[in-house]
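Visitor: This is the structure I want to talk about, given as structure tokens.
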Amino acid sequence: MKQIQDAIMEGNYKLADDQLQDYMRNSAKYDDSLAILDAAVGSHYGDRLRVWEAVRKGLMYNCRNYELYVTLGDYYLQDNSLQSYLCYENALFYCSDPDDRLLIQSILTGLQQNYGIFMAKTAIVIRPGASLEHMKLCVESIRMTTPGSARKIVAAVEPHTNKESLEWLGKQEDIKIVKTEREKSAGYKVECSDIEGMDIFLLAGDALLTENALFWLRMGLYEKEKHGMAGCVLNVRENQQMASGVVDTPDVFAFGEKNNIPQYYPYEERLYFSGTALLIKRFVWDQLGPLDQSLGKLKYEDYGLRVLSAGYQNILCKNSFVMRLERDPVLEQYIGYVQVPCAELDQLNEKWGFRAEYYLGIRQDLPGLIAEPKEKALNILEIGCGCGAMMGYIRGMFPNARTYGVELIPEVALIAAHLGEVLCGDIEKMELPWEEEYFDYVIMGDVLEHLMNPEEVLRKLRKYLKTGGHIIISMPNVKHYSVLLPLLRWDVFPYGDSGILDRTHVKMYTGTEIHKLVLRSGYKIETLGYHSYSKPTEQEQQMLDILESFLDGPSKESFLAYQYILKAVK
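In my numbering, each number is its position in the sequence shown, counted from 1, plus 1413.
Spelled out as structure tokens, the structure:
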């Protein structure tokens, strides 16, 4: 490896590259030292992709190598001076060599002078919880993973904060204690002149920052000017922000080190985030004000919608992993809002003019059926797009995709328009403006059962689908045991606000009838699966076994399917 370094120092990059390629062919080890040399050669030849990939692989091996952050700072300087500044700042945090520290500091000073950069520091606002030990771990994780020169720790205490926590906080020289005031219209407001001009990072008192979690959250926030709020991935299922692969890891801190590195497609647009960790740009905070605590657990949904309505984006940074020590079973439900106080939900619904529990949900199963290269430029239409959560998820999976939506409710369509091109209207009555054979995919998640003539709509949409294009559909199964058994036992068929017997459903289907509907509409079915969501009790299973003995055709799975998922091709 020294020969490669010597060749670079001599300016003989051709020799260095030849030696580098030979070394990589004969060695299975690609470490951070080799990454620095690889990036240097790539930089000489103007190969930005090679530089980026070298840094990514090097940080995967050692996420604390300051030279790689210097290289990353050089890389970003061409396109985004703010992100470049953050990289040099992180390099300074990890650098212990006095001479190199002076050099990095001079680069930061030069950026401030030559580019007029003012990089806001971060006010990390923690709200102490019930556990003092958890709060101590939270604070220590901040100290270990973030440069003290770039942040201020603020403990927002309330009247009910326990005495032990207050005593411990009072002994911490680097923590500012701030008492919160109760405001009727805005909830708790943090008054602290020490954090004026700083970005606001709201962090749960039981949340632990893993290595570089806040760094990559800041990188995401400053990726674009219109990014107003950034959220992270977690080790829990809150708001479906669980990090991919974290369930299978025995060491979440090691997972964080491997996860919190440059990723090819690290961002996903969201409607809102879990309250575990939220980073908000200062001018957005100043414009919108604090969270509305009167909404309880739903204050985060409200704030996300406020950010979108103000013209900014909520960006989920998949390369920023934060660990939660405590789990909230309410927030981890697949279908939320079940245990949220009705008064809070009614207040949120009244404020925004629609049923939050109905239109804010994100479906990740249906986009999972899109089998295309990540880089492909796709045109994807969602009928009944709600507030656009699925469109944001799709654009995170396929960053070159263009998302379109049709939504009936004006207030809902207004929110969705921030995540795609959305038409507001009745799909059964409206004229569609797109050219024929325009879409690669059309998605209808639990929509067709709401229509008077679903077959006509399927035929109508078919002409806008490319030959070889796909429709992806989900529909409830009226034969599910939760509907069938009460009907047989007690002669009841109770409609409700949601579920299979949602009172807004005008059509009902079994798996067989769904299959026939799609075939009649001119499509060829490729896959037909289902979600069950629950298991029958022992008594219910006995009844199903009896019923199965009378079946002539569909298996007992037709009783267990709560919702059918279908993919068909034109």
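Using N, Cα and C, we set each Cβ at its ideal position, and we do this for glycine too. Remember, it's a predicted structure, so these values are computed and weren't measured experimentally.
#1: Are residue 1858 and residue 1805 close, meaning C-beta to C-beta below 8 angstroms?
#2: Pick out the complete alpha helix (DSSP H) segments inside the segment 1659-1721, 4 residues or longer, and give them in chain order.
#3: Which two residues bound the contiguous beta strand (DSSP E) that contains residue 1614?
#4: Which runs of the beta strand (DSSP E), 3 residues or longer, sit entirely within the segment 1806-1838?
#5: Which class does residue 1656 belong to by DSSP, given the choice of helix, strand or coil?
#6: Among 1509, 1522, 1445, which one has its Cα closest to the Cα of residue 1484?
#7: Is the separation between the beta-carbon of residue 1739 and that of residue 1547 shorter than 8 angstroms?
#8: From this set, 1473, 1892, 1717, 1855, which residue's C-alpha is nearest residue 1829's C-alpha?
#9: Helix, strand or coil for residue 1865 per DSSP?
#10: Using only the alpha-carbon positions, how far apart do residue 1493 and residue 1692 sit?
#11: Please list, in chain order, all residues of the same chain as residue 1708 whose beta carbon is under 7 angstroms from its beta carbon, the five residues on each side excluded.
#12: Taking C-beta to C-beta, are residue 1530 and residue 1495 nearer than 8 angstroms?
#13: Indicate the three-state DSSP secondary structure (helix, strand or coil) for residue 1773 in the structure shown.
#14: How is residue 1486 classed by DSSP in three states: helix, strand or coil?
#15: CB residue 1975 to CB residue 1944, shorter than 8 angstroms?
#16: Take every Cβ of the segment 1831-1840, pair it with every Cβ of the segment 1764-1780, and state whether three or more of those distances are shorter than 8 angstroms.
#17: Could you check the C-alpha separation between residue 1470 and residue 1660 for me, to the nearest Å?
#18: Along the chain, where does the beta strand (DSSP E) containing residue 1558 start, and where does it finish?
#19: Could you tell me the alpha carbon to alpha carbon distance between residue 1451 and residue 1475, rounded to whole angstroms?
#20: Please tell me whether residue 1688 and residue 1734 are closer than 8 angstroms, where the distance is taken between their beta carbons.
#21: Evaluate residue 1508 with the Cβ neighbour count: other Cβ atoms within 10 Å of its Cβ, from every protein chain shown; 16 or more gives buried, anything less gives exposed.
#22: Would residue 1931 be called buried (16 or more neighbouring beta carbons within 10 Å of its own) or exposed?
#23: Please give me, in chain order, every unbroken run of the alpha helix (DSSP H) with length at least 4 that falls completely inside the segment 1447-1521.
#24: Take the Cβ of residue 1644 as the centre, count every other Cβ of all protein chains shown within 10 Å, and call the residue buried at 16 or more, exposed below.
#25: My understanding is that residue 1536 touches residue 1570, with C-beta atoms under 8 angstroms, so please give their C-beta distance in whole angstroms.
#26: Suppose contacts are defined by Cβ-Cβ distances below 8 angstroms. Is residue 1922 in contact with residue 1862 by that definition?
#27: Taking just the CA atoms, how far does residue 1677 sit from residue 1432?
#28: What did DSSP end up calling residue 1795 once you bin it into helix, strand or coil?
#29: Which whole-angstrom value describes the C-beta separation of residue 1884 and residue 1942, a residue pair presumed to lie in contact below a C-beta threshold of 8 angstroms?
#30: Across the segment 1645-1664 and the segment 1577-1594, are there enough close Cβ pairs to call them in contact, namely three or more that are closer than 8 angstroms?
#31: Which residue from 1625, 1642, 1917, 1803 puts its Cα closest to that of residue 1818?
#32: Looking only at its own chain, which residues have a Cβ that is under 8 angstroms from the Cβ of residue 1888, when we skip the five neighbours before and after it?
#33: Closest to residue 1699 by C-alpha separation, out of 1527, 1666, 1712, 1642, would be which residue?
#34: Quick check: what's the CA-CA separation for residue 1462 versus residue 1864?
#35: Note the first and the last residue of the continuous alpha helix (DSSP H) segment covering residue 1961.
Guide: Concretely, from the data shown:
#1: no
#2: For the segment 1659-1721, whole alpha helix (DSSP H) runs of length 4 or above, ordered along the chain, are 1665-1672, 1695-1701.
#3: 1612-1617
#4: The qualifying runs are 1815-1820, 1834-1837.
#5: coil
#6: For residue 1484, the closest alpha carbon among the candidates 1509, 1522, 1445 is that of 1445.
#7: yes
#8: 1717
#9: coil
#10: 19 angstroms
#11: 1715, 1757, 1760, 1761
#12: yes
#13: coil
#14: helix
#15: In this structure, residue 1944 lies closer than 8 angstroms to residue 1975 by Cβ.
#16: no
#17: 23 angstroms
#18: Where residue 1558 is concerned, there is no enclosing beta strand (DSSP E), although the alpha helix (DSSP H) around it starts and stops at 1545-1558.
#19: Taking the straight line from one Cα to the other gives about 15 angstroms.
#20: no
#21: The Cβ neighbour count for residue 1508, taken over all protein chains shown within 10 Å, is at least 16; the residue is labelled buried.
#22: buried
#23: Entirely contained in the segment 1447-1521, the alpha helix (DSSP H) runs reaching 4 residues are, in chain order, 1461-1474, 1479-1490, 1494-1507.
#24: buried
#25: Not a contact, Cβ separation roughly 15 angstroms.
#26: yes
#27: 28 angstroms
#28: The answer is strand: DSSP assigns residue 1795 an E or B state.
#29: Residue 1884 to residue 1942, Cβ: 15 angstroms. No contact.
#30: no
#31: 1803
#32: These residues qualify, in order along the chain: 1859, 1861, 1862, 1922, 1927, 1976, 1977, 1979.
#33: 1642
#34: 49 angstroms
#35: 1951-1961
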